[in-house]
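Student:
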Amino acid sequence: MTTYIPQLTLPEQVFASAPASILLPVALGTTVGYSTRPKQTKETYNLIRQPPLRPPPWVFGPVWTVLYGLTGYGAYRGIGLNLTSILPGTMSVARRAATLYTVQLGLNLAWMPLFFGARRPAAAMLDVLALLGANAYLACLFFGTRDGLADPVAGWCWAPYLAWLSFAAYLNAGVGYLNGWDISDATLRRRKAVGKGAQ
């Protein structure tokens, strides 16, 4: 079980408002996406060796926007509507879920700077695995009728997110493996100079 940590939790007002709960992760995700220099990110994406089934770069922005919106709405439903519950147990679980949601959002926002900014696919892999675990548990809290929040709508908002995170973990592991876990500037410059297929 998680613990409610007010200092690590978004304010309750965010969860209590559907628009705020939806727009905050969308705005934060957009900000991180643009702060990692999209042109350089696209160039890096095209230079690294990729596993099969990789989508074109333009797919990621719309997919993440929809997923951030869905999870924001799910957080409003599963957390926001339960923070004012008259049942102390439900309110306690909602607070713990709010902390877990905030932590997973931080992990999510850290992935792109780790992978494309710092060029650390191994660290990004650890991040995405922690993200998967946190979100699987969060989905269980939303679906759960015993020691959970019993909001299947919120739980189903997490299903596409978990599927995409699993796919992202596959892509991250594939890129790491195929590139010897090294996508540093020096390696990519060398690859660009001699062609993508050479080391």
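Using our numbering, read the sequence shown as starting at 3 and increasing by one per residue.
Beta carbons: idealized from backbone N, C-alpha and C, even for Gly.
By the 10 Å Cβ neighbour count, where 16 or more other Cβ atoms means buried, how is Ala141 classified, buried or exposed?
Tutor: The sequence position of residue 141 within the sequence shown is 139, counting from 1. Buried, since its Cβ has 16 or more Cβ neighbours within 10 Å.
Student: Could you compute how far the alpha carbon of Thr33 sits from the alpha carbon of Thr5?
Tutor: Locating residue 33 in the sequence shown gives position 31, where the first residue counts as 1. Locating residue 5 in the sequence shown gives position 3, where the first residue counts as 1. Each residue's Cα considered, the two are about 29 angstroms apart.
Student: List the endpoints of the continuous alpha helix (DSSP H) containing Pro21.
Tutor: As a position in the sequence shown, residue 21 is number 19, starting the count at 1. Pro21 -> alpha helix (DSSP H) spans Ala20 to Ser37.
Student: Would Phe145 and Gly157 be called neighbours here (beta carbons separated by less than 7 angstroms)?
Tutor: Within the sequence shown, numbered from 1, the residue matching residue 145 stands at position 143. Within the sequence shown, numbered from 1, the residue matching residue 157 stands at position 155. In contact: Phe145 and Gly157 (Cβ atoms closer than 7 angstroms).
Student: How is Asn181 classed by DSSP in three states: helix, strand or coil?
Tutor: Within the sequence shown, residue 181 is the residue found at index 179, counting from 1. If DSSP states are grouped into helix, strand and coil, Asn181 belongs with coil.
Student: Any idea what DSSP makes of Tyr75, helix, strand or coil?
Tutor: Mapped onto the sequence shown, residue 75 falls at position 73. Correct three-state label for Tyr75: helix.
Student: Using only CA atoms, which one of Ala126, Arg148 and Gly150 lies nearest to Gly176?
Tutor: The count along the sequence shown starts at 1 and reaches residue 176 at position 174. By alpha-carbon distance to Gly176, the top candidate from Ala126, Arg148 and Gly150 is Ala126.
Student: So which of Pro13, Leu25, Val16 and Pro54 has the shortest CA-CA distance to Leu180?
Tutor: Walking along the sequence shown from the start, residue 180 turns up at place 178. Just measuring C-alpha positions, the residue of Pro13, Leu25, Val16 and Pro54 sitting nearest Leu180 is Pro54.
Student: Touch check for the region 99-107 and the region 63-81: three-plus C-beta pairs under 8 angstroms?
Tutor: Because the criterion of three Cβ pairs below 8 angstroms is met, the region 99-107 and the region 63-81 touch.
Student: Work out the CA separation of Ala136 and Ser19 for me, nearest whole Å.
Tutor: Taking the sequence shown and counting its residues from 1, one reaches residue 19 at position 17. Taking the sequence shown and counting its residues from 1, one reaches residue 136 at position 134. Rounded to whole angstroms, Ser19 to Ala136 spans 23 angstroms at the Cα level.
Student: Closest to Ala152 by CA distance: which of Ala120, Lys194, Ala77 and Trp113 is it?
Tutor: Taking the sequence shown and counting its residues from 1, one reaches residue 152 at position 150. Per the Cα distances, Ala77.
Student: Going by the beta-carbon positions, is the gap between Trp183 and Pro123 smaller than 7 angstroms?
Tutor: To locate residue 183, count along the sequence shown from 1; it is residue 181. To locate residue 123, count along the sequence shown from 1; it is residue 121. Yes, the pair counts as a contact, with Cβ atoms nearer than the cut-off.
Student: Secondary structure at Ile50, three-state DSSP: helix, strand or coil?
Tutor: In the sequence shown, the residue the question calls residue 50 occupies position 48. Here Ile50 sits in coil by DSSP.
Student: Is it the case that the Cβ atoms of Pro64 and Lys44 are separated by a distance below 7 angstroms?
Tutor: Here the question's residue 64 lines up with position 62 in the sequence shown. Here the question's residue 44 lines up with position 42 in the sequence shown. For Pro64 and Lys44, no; Cβs fall outside 7 angstroms.
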